[in-house]
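Notes to accompany the following structure.
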Amino acid sequence: MCALTPFPTPKWPLVNPIGYEHNYICESSGRLEIPLDSQSPAFFTQTSNFDPCMVKKLNHNASERDRRKKVNSMYSSLRSLLPVADQTKKLSFPATVSHALKYIPELQEQVERLVRKKQELMLRLSEQGRVKRREEQQRNKSRPKGRCLNASVSVSTNRVSESEVSVQISTRKIDDRIHLSLSEILHFLGQRGFLVLNAASSESFGGMVFYSIHLQMELETACKVGSEEALSEKICALIN
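Start counting the sequence shown at 345; every next residue gets the next number (the working numbering).
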């Protein structure tokens, strides 16, 4: 038998230095540092802790959420324009657009119809206003100007010209006595700057007394007196 002899141990290096030259591990200050040689073929640099594909995907998802939110808001605004019966329905987006396209022309026709109705009403009111003004003018022309009435005295004045005025007074006797005589009225008018051109009195059955006075006044007196209504009120206040 052959004696067993140990195989010769080859002198291989324990660590392959190829690609790992100048790499070392050291521990200092409680942290682990792994420096890499920039010349090593295994060296690479990473600028972010996230995968670029993952970042791109997250950005796409965020943009898509914003887009859908805007679209939903636009459809919600469009749905609010529809009639109440359609707003309560759960309509899809295409159905919402279809209902809106159908409803908008109807709404435009309704608005135009209301505008025409408003114009007709405004025209009718304007015409009624003109008729009322004409009627008021006719009544003013037909009735005596400057009329003052109470229980016992009636005074009416009419402008004859720019400087002349006619006054009619009717009063009732009380206990066969006249409340105010014609002379007292003429005296009052003379003190106010009037010039009496003519005056007459008459009495009827039943105790009614009538005075008819034709007066002339200067421009200054006319400005002080004012309108026929103002003169009637002054004479009426004197008699009362």
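Where is the CB? At the ideal position from N, CA and C, for every residue including glycine.
Bear in mind the structure is a predicted one, so any value in this text is a computation, not a measurement.
Item: Figure out for me which residue from R460, K462, Q454, Y419 has the closest Cα to the Cα of H443.; Value: Y419
Item: Determine the contact status of Y555 and A543, defining contact as a CB-CB distance below 9 Å.; Value: yes
Item: Among R411, L541, C397, which residue has its Cα nearest to the Cα of S507?; Value: L541
Item: Alpha carbon to alpha carbon, how far is A406 from A386? Give it in angstroms, no decimals.; Value: Residue placement at A386 cannot be trusted, given a pLDDT of 43 that sits under 50; what the coordinates show is reported in the next sentence. Those two C-alpha atoms are separated by around 36 Å.
Item: What's the gap between the Cα of L445 and the Cα of S436?; Value: 14 Å
Item: Based on Cα-Cα distance, which residue from N416, M552, R468, S576 lies nearest to L533?; Value: S576
Item: Taking DSSP as the reference, what is the three-state secondary structure of L539?; Value: strand
Item: How far does the beta strand (DSSP E) with V504 in it extend, from its first residue to its last?; Value: No beta strand (DSSP E) contains V504, which DSSP labels as neither H nor E.
Item: Tell me whether I448 is buried or exposed, calling it buried when 16 or more other Cβ atoms sit within 10 Å of its Cβ.; Value: exposed
Item: Helix, strand or coil, according to DSSP, for E547 in the structure here?; Value: strand
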